[in-house]
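Written out below as structure tokens is the structure these notes cover.
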């Protein structure tokens, strides 16, 4: 009766998903997993009563897999998503849908050919109660028309393997999606400016990223991957009649040693852990109902296309326009 | 493979639990329900694929029920809990465990005789992230020894059926449990003072309730069931080296019309809904593991005994000492 | 053209007043000072261009003194205030007006006999912007009728010379005045309960003080003079339609090392320094206009009478009723 | 003994200064005023015991005027400041020091020729306790090196007389000064981007203004003069080790009707009124001591030069470099 899930990639985020699906989601069972590190996959599979496959395709074609969650490295996503579409199985793909927009467009074609939505992209912030309140405040009309958005996205540090471009593709991409989703429109241009370089940074960091939307809303984002102090994500949406602010989620304050302090989350897991649980629950429910509410393949394509423009904008330190194909009517567009 | 749950009582809280167990809890299925309103029970049962029984006992003895959740009116709890103990099934009983401490003591005896823990009492605040942070701050030692606690518990309004005593038995009882749990010790005396009476109140309201614990910590609580503006629960624990504050859970603020505002929850469901989900998940997990971390029968007994003292303290407007039996070694005591 | 002020007592608070009057108050000049420590008085007098007298009376009768500020030890206040009344000079007396209510009553008699208001008592919180907002919220009617008040008054530490009674007479006395002033009515009974004793305290500390007002409003106050972390004064006024909170005055927050922190004032000077400036400016203006808006002699008497009841309540750990004389029509009463 | 002040311009801000100097500043007396509206000047002069002059020069050369405060329309500032320098009198000039940088440079020349500092420019935020805390946090080293600054400057509405350029010259100019002062360095380039236009605005509004400083710090500023809801000025300084935030100065919160709300100031007077008092007190003290700590003529010139660049940047929607002359050693530069 449970929906059987196969998970590809059991690293940091993949193993987190496997455990969440197995212990916190109603109606779900992880039945198959794959990872290039076979031992890691085997150990995790044993823990949750799943089978460890020797290949990703093994998971996808497994008869005991109803739907697939892809948490492998980004460059592998398109081929694996396409394989899911080939066998007609719903797939939740961690971002990015594809590293290039061309790869994403191929997925769109395949999904349209199949005739029904099977792809969801893992933009979990859409399930965060705080972001939902921001969207609710805007959609209710109480702050008027959206005019500007100010965002902050800070990570304490990045590992040595972190490449400069990843600030755009791995971090800023979340604000690309939240901006499109909150405002319900496409981003048409990107500019990336360097702030003064942190002594802790190897490449330009922090950076100021500017998005312009189709209707002229200006979104500015401080992207800072070496802020040292914690994982801090904030958003202020400025409307014509008022403003809504998403601050850090401080539940308690400790007053001690001459200061009143609220903890900042240490990492994405502490900040967005609950959002992932909701995302997985709603996705599992969607597999049954066939109705998906999260980011779809078009959203995944648009995010990649804007990130591509962002990479050029960053490299050239100039404003770059986003080049989107005409949206197929199959997809409803940003909402 | 799922744990099959029978639910007794499908009113406000009972139906909330049925839906939560069916849609948000991993490894759980609601297989049987009962309510005095047979039609209501039937409709809900059909929704979630359960069977509606003609009696509460029918649920308890149903072979397809592994564990029972009791959400019936308080006076029925003791008999129903005892019936669960008779058949050796784990039971999560909404508060109160019993209306009188004598009833609770009978349950303790029965559980001890059975030789293993089967009873959990539904004090959901123990699963609230904010309360857990308060407890964490104290247990970590960073605020020193606990000295005082200031609590606020406000409801917007109460229905016409609300009796004056219910402020103690239905509302204050939550702070009885959180005080014992946070401080890890028993409450030894209660005083209830009347504030100036609200024009919206039918009986004394707000009231100031004082608890004294075994080690001398003084807990004061504003109990106000007609505050008009929302459901507002707060807690400040004063330690010898610092203070920890649990404020309302405001994620976002709207600035408009000359003010910056954060919403106050409208009711307990908005405030503690997520805590109930965690409570049910952990309880379902406990049914399998046999290890329960929530409030046990002793906690339920102690809460009722303190509430009894509170009722006398309120009626007589005097300080009343709590009369607890010696704690059986079967129970670990407040923690 | 400036109003010439004589200051009696140039200790901690007295010298603070002398400097404030000399550098931050319009239309004021300090022309005479006295202190038992003659050298200290002389040095301060030289700094601000004043004359140091050999006695307090010398200041009071000095022809170049238009008005007197008394910042000497409390037991000396009544005699010095009476001397000011004898010569018909306005006097701002630091709290307490008198150590006993009998002393205060004698002052009331003398002032009434003189036929015009000359006495103001230095309850500076009445000039704090935050307290004024609390009073404004209540007086505007927007939170309805006042029903309860929750107060916190914490000091980091107290010196070895601190006597247990001083928690009532020096610290709690501020909430006695603010409660009367905010609510516009007298306090009729006091209870003082001991919390668990801080390991840093020599006598019971923290304590929970309860005031009952004429209309039945219940005021609770945590008095904690060894809280370690800072000087923290807060107030929450609960009305029938809403609540107003006076929190600490945090202007900025620093986010660092995994926490977002706001500084707590280190002492009364940091917290209420600006209020003292306003108090002195308005008092100096009153000397010219003859119209006083601050705490008057009746307020000073009432504060002492309630503090006397508080001392008995503390000693006997019982509720003590406040015994006020009938208010002379000369005084408008609390407002 | 008091310092005699002459005030030129008794409109909105000028009359505010006259009253502040007369009633809240120690050691100051307003002895002379001028305004083009002679009746307004006369009425105000009578109120505070000053003489109303027929011309601005009449004030400047008045023997009973020790120092001059200029609050006339901006275009008149340079000639009036020069007239003060001619007679060697200290002058506090409201911003701008001059409408063009050429005018400002002429003032610098004249002051240098005179050989001592006489000019201060009225950037009052340097006296705001909140901004001082931000500067203190940076200067203390606790947040590391400054990397980015995020600013918000909102006005509820603007009058019909408001010209589009005034967003830069009258509003943004405050952040020009605070940025230079906080960071201790010059602004070298300005960019002005249009957000989506508010339906309440006649010209582009809100706008996003970007400053680049000599060391590469990027300052972004939302300038929004039609935000409807209040006067809201905020600042977040991002350092390499932490962040400091200047939020609105909320002292109290009212919880009512399902929301907890803090008032936003209605206008600059409510927000920065206390800062003006400190500014005037310190300036009056400086007239006596000869040591000025506020913004000097160089700061006034730099602010105008950056604003000029801002006007071009706004008109051309492009990045414009700021063209500053070499700083005379007479001036210490931004600090």
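Protein chains in written order, with my numbering: chain A, 3 to 337; chain B, 3 to 337; chain C, 3 to 337; chain D, 3 to 337.
Note that beta-carbon positions come from the ideal geometry of N, C-alpha and C, so glycine has one too.
In this text the structure is predicted, and so the values were computed from the model without any measurement.
May I have the straight-line CA-CA distance separating residue i from residue j, to the nearest angstrom?
i                     : j                     : result
residue 298 (chain D) : residue 193 (chain A) : 36 Å
residue 162 (chain D) : residue 135 (chain C) : 33 Å
residue 79 (chain A)  : residue 272 (chain B) : 38 Å
residue 169 (chain D) : residue 157 (chain D) : 10 Å
residue 199 (chain A) : residue 25 (chain A)  : 43 Å
residue 315 (chain B) : residue 197 (chain C) : 19 Å
residue 17 (chain C)  : residue 11 (chain C)  : 8 Å
residue 321 (chain D) : residue 57 (chain A)  : 53 Å
residue 191 (chain A) : residue 213 (chain A) : 6 Å
residue 265 (chain C) : residue 260 (chain A) : 6 Å
residue 205 (chain B) : residue 174 (chain B) : 15 Å
residue 41 (chain B)  : residue 9 (chain B)   : 15 Å
residue 195 (chain D) : residue 293 (chain A) : 40 Å
Looking only at its own chain, which residues have a Cβ that is under 6 Å from the Cβ of residue i, when we skip the five neighbours before and after it?
i                     : result
residue 104 (chain B) : none
residue 277 (chain C) : 126, 129 and 130
residue 153 (chain D) : 177, 223 and 237
residue 44 (chain B)  : 54
Within this structure, are the beta carbons of residue i and residue j separated by less than 8 Å?
i                     : j                     : result
residue 246 (chain C) : residue 253 (chain C) : no
residue 36 (chain A)  : residue 52 (chain A)  : no
residue 331 (chain B) : residue 230 (chain B) : no
residue 150 (chain A) : residue 219 (chain A) : yes
residue 215 (chain A) : residue 188 (chain A) : yes
residue 282 (chain D) : residue 304 (chain D) : no
residue 338 (chain A) : residue 138 (chain A) : Missing from the structure shown is residue 338 (chain A); chain A here goes from 3 to 337 and no further.
residue 46 (chain C)  : residue 20 (chain C)  : yes
residue 208 (chain B) : residue 226 (chain B) : yes
residue 116 (chain D) : residue 140 (chain D) : no
residue 337 (chain A) : residue 186 (chain A) : yes
residue 211 (chain B) : residue 76 (chain B)  : no
Using a Cβ-based criterion (distance less than 7 Å to any ligand heavy atom), does residue i qualify as near the ligand GDP?
i                    : result
residue 90 (chain D) : As far as ligands go, the structure on display features none, and thus does not contain the ligand GDP.
I'd like the span of the beta strand (DSSP E) that includes residue i, first residue to last.
i                     : result
residue 263 (chain B) : 261 to 265
residue 119 (chain D) : Segment: none, residue 119 (chain D) is in no beta strand (DSSP E) and carries neither H nor E.
residue 15 (chain C)  : Segment 14 to 25 is the alpha helix (DSSP H) holding residue 15 (chain C); no beta strand (DSSP E) there.
residue 213 (chain A) : 209 to 215
residue 87 (chain C)  : Premise fails: residue 87 (chain C) lies in the alpha helix (DSSP H), 79 to 88, not in any beta strand (DSSP E).
residue 225 (chain D) : 220 to 226
residue 30 (chain B)  : 30 to 36
Where do the ends of the alpha helix (DSSP H) carrying residue i lie?
i                     : result
residue 112 (chain A) : 103 to 116
residue 138 (chain C) : 131 to 141
Who are the near neighbours of residue i in its chain, counting only those whose CB is closer than 8 Å to its CB and skipping five residues on each side?
i                     : result
residue 267 (chain D) : 232, 233, 234, 250, 251 and 273
residue 302 (chain A) : 95, 97, 98, 99, 100, 106, 109, 121 and 123
residue 286 (chain A) : 5, 7, 23, 27, 28, 29, 30 and 69
residue 91 (chain B)  : 62, 67, 68, 69, 70 and 120
residue 89 (chain D)  : 62 and 63
residue 329 (chain A) : 300 and 335
residue 257 (chain D) : 263
Give me the chain E residues within the contact set of residue i, using Cβ-Cβ distance strictly less than 7 Å, ordered along the chain.
i                     : result
residue 231 (chain D) : In the displayed structure, chain E is absent; the protein chains listed are A, B, C and D.
Touch check for the segment 303 to 316 of chain D and the segment 176 to 185 of chain D: three-plus C-beta pairs under 8 Å? yes
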